[in-house]
Each structure stands twice: as C-alpha cells, then as structure tokens.
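Protein sequences appear in the order of chains A and B.
Numbering-wise (my numbering), the first sequence opens with residue 1 and increments by one.
Numbering-wise (my numbering), the second sequence opens with residue 97 and increments by one.
Worksheet: the structure to be examined is printed underneath.
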Amino acid sequence: MKRKNFINAGIILFALALVLFQFVLPKIGSNFEGTDDQAVGIINEIAPNYTPWAESLWEPSGEWGETVLFALQTALGLSIIVFYFLKRNARFKMDK
Amino acid sequence: MMKNISVFLCMILLPFYGFGMHIAEGFLPKEWAGFWTLIFLPFLITGFKKLEKQTELIPKAKMLFAVVCAFVFVLSSFKIPSVAGSSSHLTGIALGAILFGASSMSVAGIIVLLFQALLLAHGGLTTLGANAFSMAVVGAFSAVWVYKLASKLKLSQWISVFLAAFVSDVLIYVSTSAQLALAFQSDSTTFIDNLMKFMSVFAVTQIPLAIIEGVFTAFVFKLILSFSKNEVLQINPALK
C-alpha cells in the first residue's frame, strides 16, 4: 500500500473509532455530574419558586438515544475534518 | 505531516463524557432571554456580512470555515470529566476566532447551538441568545484580544494561541455564570453572591479543561497552518 493511502486509511479508521467511542463513554463516566445539572441545582436553591417557562421541543429517548445523537454530532464534524485532511494530504503529496 | 496527523487524532481520543454547560431551555426569565437575544443579533448580522465578504474574496476560505465549524462541533460533542467529580466540555471557538476574526464565529456558534438545542435538548431555543453571546461573542472576542496582546508581547505563536484558547474557554463560563447571576438576583441574593455560587461550580471544573483546550487548539492551529498556510495568510495576513 502506498504511503499516502496508508495515511488516508489511518485517518478514516481513527475517525470511525472516535465515533464508536461515544457509545463506550456513558458507561465509563456515569458518576460525573454535568455542570449544567449543578447550575440548575443552584437556581433551585437561590430561586426556589422559579418555574422554567419553556421546555425542549423534543428530547432524545433515554441514554441510548442521546448517545446516538452525540455520536451523530461527532460523525458530522469529523466527516468534514477528515475530508479536509484527506484532500490536503493529496494536494501536499502532489506539490512535493 | 503523518506525525502531526497522528498526534491530532490521538489528542482527540482523550476520555470525554458527561454533560457540558449551556443554560437549559426555560431557565432564563423571559425578559433576560429577550435581552441577550437582542444583544447577540448585531454580532450575528456583522458576522454573516464579514464571512460573506471573506468567502467572496477568497473562495477557498469556505472549506476552512467548514473545518473550523466542524472543530467546534466535534469538541462540543465530547464532555470531559474534571476534578471534584463533575464534567464539562471544550468549546473550540478560539481556533476560528483567530483564523477568521471574532465576529465570523457568531455564525459558527449559532449553527452548533441550534443543532444542540433542536436535536440534543442541550441548551435551548429560549436561551439561544444568551448561550450564543457567551460562546460566540465573549469567547471569540476574548480569544482574539488575548492572541493580539500575546503577539505584541513577542510570545511565540504556540503560546499565544494556547493563552487565547485558555482565556476564551474560562471567560465563556464566567459569562454564563454572570448571566445566571444577573437573572436570579433578588432582595435575598445579590449579583455578587450568585456569581460566587455559579463560579464555584464552573471555575473548579473548567480550569483544567481550559488547559486541555489551550494545548489542543494550539496544536490544531499549527496543523492547519502547515497544511494551508497560503489560504490562512490570505484570510488573516496578521498570522505570519
């Protein structure tokens, strides 16, 4: 396999591994409370009578649904970054 | 080149999880939600105009802007455990602010926050203006100012980008704390009391993460510069 193809395959495999990693993380880090949850706790403490006046239009169902959507976000972002680096890598080799 | 790519991909594989910090849907009183939306709108309009001009002059800037948005997308999708058993996330806003200028990042910020609010129920539509102001205005402008100051002090480009990303990350959370502290001040709790309470949560969690963000941003900045130096210098000639 040519060196350029090897680099490209490595980039794609790493990106796929990263997306899959999103599914493992919730199991590892279930004990860490998010700062947004802590902020809601403080709001309840300093303004106990405050009632949120709007709710999310839609919420992912359960932990699994949320994980899938975060993985989708990762995949969307990574696909652009990977595309860019593959394209630049090809151009870089051509320029050389 | 291969070494640079490998380090970038390895850094991205740091252990991330949990929940980050955006003000949740409905958790800002209506008047404050409206206030921050009105404050953010001029920045968004200016950002659109500036970006339009940049991409008209330099068509190749479109791809690089997509990468900058994607960087914010990826970083904000991973949440990092920090000290004291809490977790939060990186923002990634400083990279684009240094490359494209602060106002252009209003566009990147609104895209990411809308996606998270609509699809992930993370943040919210009513708090979009406040969250966007913290992330894409306070975060982006502070990054540019710190970068310029560090450059004037003749610090190396690595250190300047690191400091810009570090300060930007911390100030985003200071801004969010201030927004909440302002909104919930009353006869029994002053702005300062509230600010201290919110900051006690965010400062402890965010400072270690801001260091990671600084290192990460400096590395990716150098990587982009090594791949696309000509485009970067066309977009922002000050980045020699």
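Even for Gly, the Cβ is constructed at its ideal location relative to N, Cα and C.
Spatial neighbours of residue i within its chain, please: C-beta separation below 7 Å, excluding the five flanking residues on both sides.
{"i": "MET107/B", "result": "In this prediction, MET107/B scores a pLDDT of 42, lower than 50, which makes its location untrustworthy; the coordinate-derived value is nonetheless stated afterwards. Same-chain partners within the cutoff: PHE312, PHE315."}
{"i": "TYR243/B", "result": "ILE194, SER256, VAL257, ALA260"}
{"i": "LEU18/A", "result": "THR74, LEU78"}
{"i": "PHE144/B", "result": "VAL203"}
What is the DSSP secondary structure of residue i, counted as helix, strand or coil?
{"i": "GLY34/A", "result": "strand"}
{"i": "ILE154/B", "result": "coil"}
{"i": "SER296/B", "result": "helix"}
{"i": "LYS244/B", "result": "helix"}
{"i": "PRO333/B", "result": "coil"}
{"i": "ASN227/B", "result": "helix"}
{"i": "ASP289/B", "result": "helix"}
{"i": "PHE280/B", "result": "coil"}
{"i": "TYR84/A", "result": "helix"}
{"i": "ALA51/A", "result": "Before going further, note that residue 51/A is Thr rather than Ala in the sequence given. Looking at THR51/A - three-state DSSP - the assignment turns out to be coil, as it is neither helix nor strand."}
{"i": "LEU214/B", "result": "helix"}
{"i": "ILE11/A", "result": "helix"}
{"i": "ALA120/B", "result": "coil"}
{"i": "LEU137/B", "result": "helix"}
{"i": "GLY219/B", "result": "coil"}
{"i": "SER264/B", "result": "helix"}
{"i": "TRP254/B", "result": "helix"}
{"i": "PRO304/B", "result": "helix"}
Which same chain residues, not among the five before or five after residue i, have their C-beta less than 6 Å away from its C-beta?
{"i": "GLY205/B", "result": "ALA228, MET231, ALA232"}
{"i": "PHE298/B", "result": "TYR269, SER273"}
What's the gap between the Cα of residue i and the Cα of residue j?
{"i": "GLN23/A", "j": "ILE307/B", "result": "Per the sequence presented here, residue 23/A reads as Phe, with Gln not at that position. In a straight line, the C-alpha of PHE23/A is about 26 Å away from that of ILE307/B."}
{"i": "VAL263/B", "j": "ALA226/B", "result": "19 Å"}
{"i": "ILE189/B", "j": "SER282/B", "result": "33 Å"}
{"i": "LYS336/B", "j": "THR74/A", "result": "31 Å"}
{"i": "LEU69/A", "j": "VAL168/B", "result": "16 Å"}
{"i": "LYS250/B", "j": "LEU214/B", "result": "43 Å"}
{"i": "PHE317/B", "j": "GLY310/B", "result": "10 Å"}
{"i": "PHE323/B", "j": "PHE294/B", "result": "41 Å"}
{"i": "ARG91/A", "j": "LEU20/A", "result": "29 Å"}
{"i": "GLY235/B", "j": "PHE131/B", "result": "19 Å"}
{"i": "PHE287/B", "j": "SER56/A", "result": "28 Å"}
{"i": "LEU278/B", "j": "ASN290/B", "result": "8 Å"}
{"i": "LEU267/B", "j": "PRO125/B", "result": "22 Å"}
{"i": "SER173/B", "j": "SER247/B", "result": "31 Å"}
{"i": "HIS185/B", "j": "PHE211/B", "result": "16 Å"}
{"i": "ALA198/B", "j": "PHE237/B", "result": "5 Å"}
{"i": "GLY34/A", "j": "ILE331/B", "result": "37 Å"}
{"i": "ILE42/A", "j": "MET292/B", "result": "11 Å"}
Considering only DSSP beta bridges, list what residue i is partnered with.
{"i": "SER184/B", "result": "ILE176/B"}
Give a single yes or no on whether residue i has its beta carbon closer than 7 Å to a heavy atom of the ligand MG.
{"i": "ARG91/A", "result": "Ligands displayed in this structure: none; no statement on the ligand MG is therefore possible."}
Within a Cβ cutoff of 8 Å, which residues of the same chain sit near residue i, ignoring the five residues on either side of it in sequence?
{"i": "GLU121/B", "result": "ALA213, ALA217, GLY219, GLY220, LEU221, THR222, THR223"}
{"i": "GLU45/A", "result": "none"}
{"i": "ILE303/B", "result": "VAL266"}
{"i": "MET94/A", "result": "none"}
{"i": "ILE7/A", "result": "ASN89"}
Legend entry - Near-chain B residues of the region 42-63 of chain A (beta-carbon distance less than 9 Å), N- to C-terminal order: Within the region 42-63 of chain A, the residues whose Cβ lies closer than 9 Å to some Cβ of chain B are ILE42, ILE43, GLU45, ILE46, ALA47, TYR50, THR51, PRO52, TRP53, ALA54, GLU55, SER56, LEU57, TRP58, GLU59, PRO60, listed in chain order.
Inset, instruction - Could you run through the region 286-305 of chain B and flag, in chain order, every residue whose CB is less than 7 Å away from some CB of chain A? - result: Those residues of the region 286-305 of chain B that come within reach of chain A (Cβ to Cβ, closer than 7 Å) are ASN290, LYS293, PHE294, VAL297, PHE298, THR301.
Inset, instruction - Please list the residues of the region 163-174 of chain B that have a C-beta atom closer than 9 Å to any C-beta atom in chain A, keeping them in chain order. - result: Result list: VAL163, CYS165, ALA166, PHE167, VAL168, PHE169, VAL170, LEU171, SER172, SER173, PHE174.
Legend entry - Members of the region 67-86 of chain A that neighbour chain B once the beta carbon cut-off is set at 7 Å: Residues are counted here when their Cβ sits less than 7 Å from a Cβ of chain B; for the region 67-86 of chain A these are LEU69, PHE70, GLN73, THR74, LEU76, GLY77, LEU78, ILE80, ILE81, TYR84, PHE85, given in chain order.
Legend entry - Selection of the region 243-277 of chain B by Cβ proximity to chain A, strictly under 7 Å: Within the region 243-277 of chain B, contact with chain A at the beta-carbon level (separation under 7 Å) is assigned to LEU276.
Legend entry - Short-range partners of chain A found in the region 119-149 of chain B, where Cβ spacing is below 8 Å: Cβ contacts with chain A come from ILE119, ALA120, GLU121, GLY122, PHE123, PRO125, LYS126.
Inset, instruction - For the region 211-236 of chain B, enumerate the residues whose C-beta is nearer than 9 Å to any C-beta of chain A, in chain order. - result: Those residues of the region 211-236 of chain B that come within reach of chain A (Cβ to Cβ, closer than 9 Å) are PHE211, GLN212, ALA213, LEU214, LEU215, LEU216, ALA217, HIS218, GLY219, GLY220, LEU221, THR222, THR223.
Legend entry - Under 7 Å (Cβ pairs) to chain A, residues found in the region 305-336 of chain B: Of all residues in the region 305-336 of chain B, PHE323, SER324 have a Cβ within less than 7 Å of some Cβ in chain A.
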